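Throughout the sequence shown, residue numbering follows my numbering, covering 1 to 195 in sequence. For every residue, glycine included, the Cβ atom is placed at its ideal position computed from N, Cα and C. Just so you know, these numbers come straight off a predicted model, no measurement behind them. The next block holds one structure in the form of structure tokens; read it before the comments.
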Amino acid sequence: MPKSYSEQEREYIRKRLKEEAASCLARYGVRRTTVDEIVRRVHIPKGTFYLFYPSKEVLLFEVIQKQQETINHKLYQAISEMAGTEVSAKRLADAIFAFYKMAEEMPVLKLIDTGEAELLARKLPPEVLQAHLQDDTDTIGEMLSLLPVAKDVDINAISAAFHAIYYATLHKAEIGEKYDQALRALIYGIVTQIL
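Written out as structure tokens, the structure is:
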């Protein structure tokens, strides 16, 4: 970082980069969001951008992760309210279904289709993507630790199953009018293996 930026300035620039990246992502998607547009909105030189992020994709992924954390927190709250009560597969499946529906409505996540998700994943450093997947697995493990989980549950397999469902949500249009019923059935199938 240049010595001319104080800690306060660095925090402000980082915050503004995230805000404008979120705005661009919601408006243009991954492909059409450019570093040039982001830095124009933040009023910084293009070279300064690269002092904060190695690529546009890393910044966009950070924005997406932040929105995911928001809905993960809501799901965690819903599951923690179930802790210590009789948890039925239907009740847990309903909470998880609501999580996926909430994710569909997040402005940034609504725009990301299969091609854009794949493009973003391809352009991210492998360690960033791996850290994200591990974080998701850890989060799922924390949530499940609140529930009476079957002894032989493989958290990694359950996490992978929920990732598979997320990727299926990117194909909502192709799945068609029975999408919600199919989503519920997939979630219920996983939940019955958890409890």
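Counted within 10 angstroms of its Cβ, other Cβ atoms place residue i as buried (16 or more) or exposed
i: THR192; result: exposed
i: ASN72; result: buried
i: LYS56; result: buried
i: ALA164; result: exposed
i: LYS178; result: exposed
i: TYR100; result: buried
i: GLU127; result: exposed
i: GLN68; result: buried
i: TYR53; result: buried
i: GLU20; result: buried
i: ILE13; result: buried
i: LYS15; result: exposed
i: LYS18; result: buried
i: ALA131; result: exposed
i: ALA22; result: buried
i: MET1; result: Low confidence applies here, because MET1 scores a pLDDT of 48, under 50, leaving its location unreliable; read the following figure in that light. Exposed, since its Cβ has fewer than 16 Cβ neighbours within 10 Å.
i: ALA95; result: buried
Endpoints, alpha helix (DSSP H) assigned at residue i
i: SER159; result: 155-169
i: THR137; result: 126-144
i: ALA150; result: Element bounds for ALA150: n/a, residue is neither H nor E.
i: GLU174; result: 172-175
Per-residue DSSP class, three states only, for residue i
i: SER23; result: helix
i: TYR53; result: coil
i: TYR5; result: coil
i: ALA121; result: helix
i: ILE44; result: coil
i: LEU186; result: helix
i: ALA83; result: coil
i: THR192; result: helix
i: THR70; result: helix
i: MET106; result: coil
i: LYS101; result: helix
i: LYS90; result: helix
i: GLN18; result: Looking at the sequence itself, residue 18 is Lys, so the reference to Gln does not match. DSSP places LYS18 in helix when its eight states are reduced to three.
Residue i beta carbon near the ligand GDP (any heavy atom closer than 8 Å)
i: LYS101; result: Looking at this structure, you won't find the ligand GDP or any other ligand, since it has none at all.
Residue-chain proximity (residue i, chain D), Cβ-Cβ < 9 Å
i: HIS132; result: Of the protein chains in the structure, only one exists, and it is not chain D.
**Asked** Hey, is the segment 154-163 in contact with the segment 129-143, meaning 3+ C-beta pairs nearer than 8 Å?
**Response** Yes: the two stretches touch, three or more of their Cβ pairs being nearer than 8 Å.
**Prompt:** Contact between the segment 70-86 and the segment 31-47: three or more CB pairs below 8 Å?
**Reply:** No, because fewer than three Cβ pairs between the segment 70-86 and the segment 31-47 fall closer than 8 Å, the two stretches do not touch.
**Asked** Are the segment 19-36 and the segment 90-102 in contact at 8 Å, needing three or more beta carbon pairs?
**Response** No contact exists between the segment 19-36 and the segment 90-102.
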